[in-house]
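Notes to accompany the following structure.
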Amino acid sequence: MNVRETGLIGRRGLILAGGAGLLVLALPPARALARPSLQEAVNGFTGGKPVETGKVKLDVPPLVENGNAVGVTVAVESPMTAGDHVRRIALFNEKNPQADVAVFTLGPRTGRGRLSTRIRLATSQTLIAVAELSDGSYWSSSANVIVTLAACIEDLS
Amino acid sequence: MAFRLAFAAALLCAGIAVAQEIPPGERRSGTDFMSAETRAIQADDGSNPGMLWVLQGESLWKEPAGASRRSCASCHGEAATSMRDVAARYPAFDTASGAPVDLAGKIDQCRTTRQHAAGLPRESEELLGLSTYVGHQSRGLPIAPPDDPRLHAARAEGKRLFETRMGQLDLSCSSCHDANWRGRLGGSAVTQAHPTGYPIYRLEWQAVGSLQRRMRGCMVGVRAEPFAYGSAEFIALELYLAERAAGLALETPAVRP
Amino acid sequence: MSRTLVSVPKTAKVGEVIDIRAMIAHPMETGYRMGPNGQAIPRKIIRHFACEYDGEEVFSAEFHPAVSANPFVAFSTVATKSGALTFRWTDDDGKVETASAEIAVS
Numbered sequence: 001m002n003v004r005e006t007g008l009i010g011r012r013g014l015i016l017a018g019g020a021g022l023l024v025l026a027l028p029p030a031r032a033l034a035r036p037s038l039q040e041a042v043n044g045f046t047g048g049k050p051v052e053t054g055k056v057k058l059d060v061p062p063l064v065e066n067g068n069a070v071g072v073t074v075a076v077e078s079p080m081t082a083g084d085h086v087r088r089i090a091l092f093n094e095k096n097p098q099a100d101v102a103v104f105t106l107g108p109r110t111g112r113g114r115l116s117t118r119i120r121l122a123t124s125q126t127l128i129a130v131a132e133l134s135d136g137s138y139w140s141s142s143a144n145v146i147v148t149l150a151a152c153i154e155d156l157s
Numbered sequence: 001m002a003f004r005l006a007f008a009a010a011l012l013c014a015g016i017a018v019a020q021e022i023p024p025g026e027r028r029s030g031t032d033f034m035s036a037e038t039r040a041i042q043a044d045d046g047s048n049p050g051m052l053w054v055l056q057g058e059s060l061w062k063e064p065a066g067a068s069r070r071s072c073a074s075c076h077g078e079a080a081t082s083m084r085d086v087a088a089r090y091p092a093f094d095t096a097s098g099a100p101v102d103l104a105g106k107i108d109q110c111r112t113t114r115q116h117a118a119g120l121p122r123e124s125e126e127l128l129g130l131s132t133y134v135g136h137q138s139r140g141l142p143i144a145p146p147d148d149p150r151l152h153a154a155r156a157e158g159k160r161l162f163e164t165r166m167g168q169l170d171l172s173c174s175s176c177h178d179a180n181w182r183g184r185l186g187g188s189a190v191t192q193a194h195p196t197g198y199p200i201y202r203l204e205w206q207a208v209g210s211l212q213r214r215m216r217g218c219m220v221g222v223r224a225e226p227f228a229y230g231s232a233e234f235i236a237l238e239l240y241l242a243e244r245a246a247g248l249a250l251e252t253p254a255v256r257p
Numbered sequence: 001m002s003r004t005l006v007s008v009p010k011t012a013k014v015g016e017v018i019d020i021r022a023m024i025a026h027p028m029e030t031g032y033r034m035g036p037n038g039q040a041i042p043r044k045i046i047r048h049f050a051c052e053y054d055g056e057e058v059f060s061a062e063f064h065p066a067v068s069a070n071p072f073v074a075f076s077t078v079a080t081k082s083g084a085l086t087f088r089w090t091d092d093d094g095k096v097e098t099a100s101a102e103i104a105v106s
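Protein chains in written order, with the UniProt record's numbering: chain A, 1 to 157; chain B, 1 to 257; chain C, 1 to 106.
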């Protein structure tokens, strides 16, 4: 989790003050400011090429119990043949200290344009999945996730 | 002060109920309170991260250790047979020490007195691996606390501790887990605090941890000084929790938020 | 010590798309956390994961700190012939851990 684990009181205070929305404040400010926006991160992946909506299905639970392990499934409509397949799938987030989550490389031998993983979300935010197809086109889908946290958080010390 | 009020408010939302033991018919594992996603992680061994600790325990089980150069397997053989149902009956009375011992304590005892190896600290990766592996052999079996008269005093002490108010928030385990188990606190289900899944993989810890670590979390939550790992207090609480959960199936390694 | 867990079907028909899951025990330390002494805990993550089968990389992933501890991926591949699928995880220091699983394809 991208927060100080030692700040029990502070953290509990935040949680009880109404959800995890403020947790990102516990991060070193320089880093929090340095991260690119979601749009900049997507542009970095596509090289500025236009991104169309569709073909990609991003599946995340709208409400998660703990931001430390949020199950994500991305499925892209594609025959996955040598001539027409998904080349890469990238996942980006809006409010973690870094925009990048993961980039997956696929090909015709992958069989399906589909994968699942588990990711960390520092707070409630938007996620976006962008797929690069073998014809050089980009497709995306985004989703909002609300993160609640466990209530009894122990002190590490 | 703000925290105390917030906690009290959270409990109020849950509806004030008088602490009362949960009737057997209403006992439910913590799994029942989790989201479908968390349950799915637990249900599938290929995606349950707790299984990584089971695997580690399995390799330790076979590994010769200590001055004896004996492995657990060299005395106990296949864990699937020799350790099946063991976790369901712990804590148990230990004649050697003349006191109740929990599963991790028993494993550590074999480690020191039979393998003649250095003891394994509580919450060390090795002890968690072995406890998870041994616990896993009882998965699906009902919790069956031994009816050993030598355990009665400690079990009664466990019940007393469970019902004793503690910490700056002045709440007992029972205030939450008997009286308000249907409620939610800061987004999480309070639950009935059954020890069905231990050691558990907790998403909050991002690792496997013991029942005692979990209880320490709750004690810190009410701003009480937590009991020490391996203390008689924690073993007494474990004894009472096992009795309170008698008949519920073991799930080790469970996944919890 | 075995701290990886992969699941691959034992058998499959040629051309069948099979489901694969892979997990490794790793804290995925983000580099953004503070230790109890107020010092930043240095970053240490699995940076790269790859699955190779029948002479070719069929799936790979580049991870960032936002991937959960004990990273998990589920993906698929087309069963081509009997043999081993090999899995490779590489961390920030270039340390590599591997696992493999056999499949019989008919």
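Glycine included, C-beta positions come from ideal geometry on N, C-alpha and C.
Let me see if you follow: with CB-CB separation under 9 Å, is B:A228 close to chain A or not?
Stepping through the second sequence from its first residue, residue 228 of chain B is reached at position 228. It does not; no Cβ of chain A falls within 9 Å.
Measure the C-alpha to C-alpha separation of C:K81 and C:V14 and round it to an integer number of angstroms.
Position 81 of the third sequence holds residue 81 of chain C. Position 14 of the third sequence holds residue 14 of chain C. Their backbone Cα atoms lie some 7 Å apart in a straight line.
Distance cutoff 9 Å, beta carbons only. Does C:R88 sit that close to anything in chain B?
Residue 88 of chain C sits at position 88 when you count from the first residue of the third sequence. Judged by the 9 Å Cβ criterion, C:R88 is not in contact with chain B.
What does a CB cutoff of less than 7 Å around B:M51 pick up in its chain, not counting 5 residues either side in sequence?
Locating residue 51 of chain B in the second sequence gives position 51, counting from the first residue. Within the same chain, B:M51 has close Cβ partners D45, P253.
Can you give me, in chain order, the residues of the region 25-49 of chain B that have a beta carbon less than 9 Å from any beta carbon in chain A?
M34, S35, A36, E37, T38, A40, I41, S47, P49
DSSP puts B:G221 in a beta bridge; with which residues?
Residue numbering aside, residue 221 of chain B sits at position 221 when the second sequence is read from its first letter. DSSP, once it has assigned bridges, lists no residue as partnering B:G221.
Give me the Cβ distance between B:V208 and B:Y201, rounded to the nearest whole Å; I'm assuming they're in contact under 8 Å.
The residue you call residue 208 of chain B lines up with position 208 of the second sequence. The residue you call residue 201 of chain B lines up with position 201 of the second sequence. 5 Å between Cβ atoms; contact.
In chain A, what lies closer than 9 Å to C:A74 by C-beta?
On the third sequence, residue 74 of chain C is found 74 positions in, with the first residue counted as 1. Simply T73, R114, L115, S116, T117.
Which residue's Cα is closest to the Cα of B:F234: B:P91, B:P23, B:G30?
For the purposes of this step, residue 234 of chain B is identified with residue 234 of the second sequence, where counting begins at 1. Of B:P91, B:P23, B:G30, the residue nearest in Cα terms is B:P91.
Contact between the region 126-143 of chain B and the region 77-94 of chain B is defined here as three or more beta-carbon pairs at a separation below 8 Å; is this criterion met?
yes
Is the beta carbon of C:A25 sitting closer than 9 Å to the one on B:W53?
Within the third sequence, residue 25 of chain C is the residue found at index 25, counting from 1. Within the second sequence, residue 53 of chain B is the residue found at index 53, counting from 1. Yes, the Cβ-Cβ distance between C:A25 and B:W53 is below 9 Å.
Reduced DSSP secondary structure (H/G/I, E/B, other) of B:L169
As a working note, residue 169 of chain B is residue 169 in the second sequence. If DSSP states are grouped into helix, strand and coil, B:L169 belongs with coil.
Are there 16 or more other CB atoms within 10 angstroms of the CB of B:C173, so buried, or fewer, so exposed?
Within the second sequence, numbered from 1, the residue matching residue 173 of chain B stands at position 173. Its Cβ being crowded by 16 or more others within 10 Å, B:C173 is buried.
Could you have a look at B:K62 and say whether DSSP puts it in helix, strand or coil?
Your numbering for residue 62 of chain B matches position 62 in the second sequence. DSSP places B:K62 in coil when its eight states are reduced to three.
Measure from the C-beta of C:V6 to each C-beta in chain A and report whether the shortest distance is under 9 Å.
If you number the third sequence from 1, residue 6 of chain C lands on position 6. By this cut-off, C:V6 is not an interface position.
Contact set for B:R70: own chain, Cβ-Cβ below 8 Å, skip 5 residues either direction
As a working note, residue 70 of chain B is residue 70 in the second sequence. Closer than 8 Å at the Cβ level, and outside the excluded window around B:R70, lie P64, R114, Q115.
Would B:E157 and B:Q56 be called neighbours here (beta carbons separated by less than 9 Å)?
Within the second sequence, numbered from 1, the residue matching residue 157 of chain B stands at position 157. Within the second sequence, numbered from 1, the residue matching residue 56 of chain B stands at position 56. Contact: no.
B:R182: which of B:F33, B:Q20, B:P23 sits nearest, CA to CA?
Counting from one through the second sequence, the residue named residue 182 of chain B turns up at place 182. When each option's Cα is compared against that of B:R182, the closest is B:F33.
Suppose the cutoff is 8 Å on Cβ atoms and the five residues either side in sequence are ignored; what does the same chain contact list for A:D84 look like?
Looking up residue 84 of chain A in the first sequence gives position 84. Here the set comprises S78, L133, S134, D135.
Just the chain B side, please: which residues come within less than 8 Å of C:P27 by C-beta, in chain order?
Locating residue 27 of chain C in the third sequence gives position 27, where the first residue counts as 1. Chain B residues near C:P27: Q206, A207.
Find the residues of chain A that neighbour C:H64, judging by a C-beta separation of less than 8 Å, and give them in chain order.
Here residue 64 of chain C refers to the residue found at position 64 when the third sequence is read from its first residue. Neighbours of C:H64 on chain A, chain order: Q98, D100, V101, A102.
I believe A:S142 touches A:E52 by the beta-carbon criterion, under 8 Å. Please report the beta-carbon distance rounded to the nearest angstrom.
Taking the first sequence and counting its residues from 1, the one referred to as residue 142 of chain A is at position 142. Taking the first sequence and counting its residues from 1, the one referred to as residue 52 of chain A is at position 52. Contact flag wrong, Cβ pair sits at about 13 Å.
When DSSP labels each residue in this structure, what does B:Q212 get in the three-state scheme?
For the purposes of this step, residue 212 of chain B is identified with residue 212 of the second sequence, where counting begins at 1. Helix, per DSSP.
Exposure label - B:D178; buried when at least 16 CB within 10 Å
The residue labelled residue 178 of chain B in the question sits at position 178 within the second sequence. B:D178 is buried by the Cβ-count criterion.
Just to confirm, does B:G186 get its C-beta within under 8 Å of one of the non-hydrogen atoms of ligand 2?
Ligand 2 is not among the ligands present in this structure, which contains no ligands whatsoever.
Interface flag, residue 160 of chain A vs chain C, CB-CB below 9 Å:
Residue 160 of chain A lies beyond the range of chain A shown here (1 to 157); nothing can be said about it.
Can you check whether the CB of B:A236 is closer than 9 Å to the CB of B:A154?
Numbered from 1 along the second sequence, position 154 holds the residue referred to as residue 154 of chain B. Numbered from 1 along the second sequence, position 236 holds the residue referred to as residue 236 of chain B. Taking 9 Å as the Cβ cut-off, B:A154 and B:A236 qualify as a contacting pair.
Would a C-beta distance cut-off of 9 Å place B:M166 and B:M215 closer than the cut-off?
Position 166 of the second sequence, counting from 1, holds the residue named residue 166 of chain B. Position 215 of the second sequence, counting from 1, holds the residue named residue 215 of chain B. In this structure, B:M215 does not lie closer than 9 Å to B:M166 by Cβ.
Closest by CA to B:E123, which one among B:L141, B:R139, B:L103?
One-based indexing of the second sequence puts residue 123 of chain B at position 123. Out of B:L141, B:R139, B:L103, B:L103 has the C-alpha closest to the C-alpha of B:E123.
Chain A beta carbons: is any one of them nearer than 9 Å to that of residue 258 of chain B?
Because chain B in this structure spans residues 1 to 257, residue 258 of chain B falls outside the shown range and cannot be described.
C:I24 at chain B interface by Cβ criterion, 9 Å:
Numbered from its first residue, the third sequence carries residue 24 of chain C at position 24. Judged by the 9 Å Cβ criterion, C:I24 is in contact with chain B.
Taking B:M51 as the query, report the chain C residues whose CB atoms sit under 7 Å from its CB, ordered along the chain.
Numbered from 1 along the second sequence, position 51 holds the residue referred to as residue 51 of chain B. Here the neighbours are L5.
What is the DSSP secondary structure of B:M51, counted as helix, strand or coil?
Locating residue 51 of chain B in the second sequence gives position 51, where the first residue counts as 1. DSSP places B:M51 in helix when its eight states are reduced to three.
Can you have a look at B:D148 and say buried or exposed, based on whether 16 or more other CB atoms are within 10 angstroms of its CB?
Here residue 148 of chain B is taken as the residue at index 148 of the second sequence, counted from 1. B:D148 should be labelled exposed.
Short check: CB of B:L248 to CB of B:P146, under 9 Å?
For this step, residue 248 of chain B is matched to residue 248 along the second sequence. For this step, residue 146 of chain B is matched to residue 146 along the second sequence. In this structure, B:P146 does not lie closer than 9 Å to B:L248 by Cβ.
Proximity test, Cβ basis, 9 Å: A:G21 and chain C:
Taking the first sequence and counting its residues from 1, one reaches residue 21 of chain A at position 21. Confidence at A:G21 is low in this model, with a pLDDT of 30, below 50, so the placement of that residue should be treated as unreliable; the coordinate-derived value is given next. It does not: the Cβ of A:G21 has no partner Cβ on chain C nearer than 9 Å.
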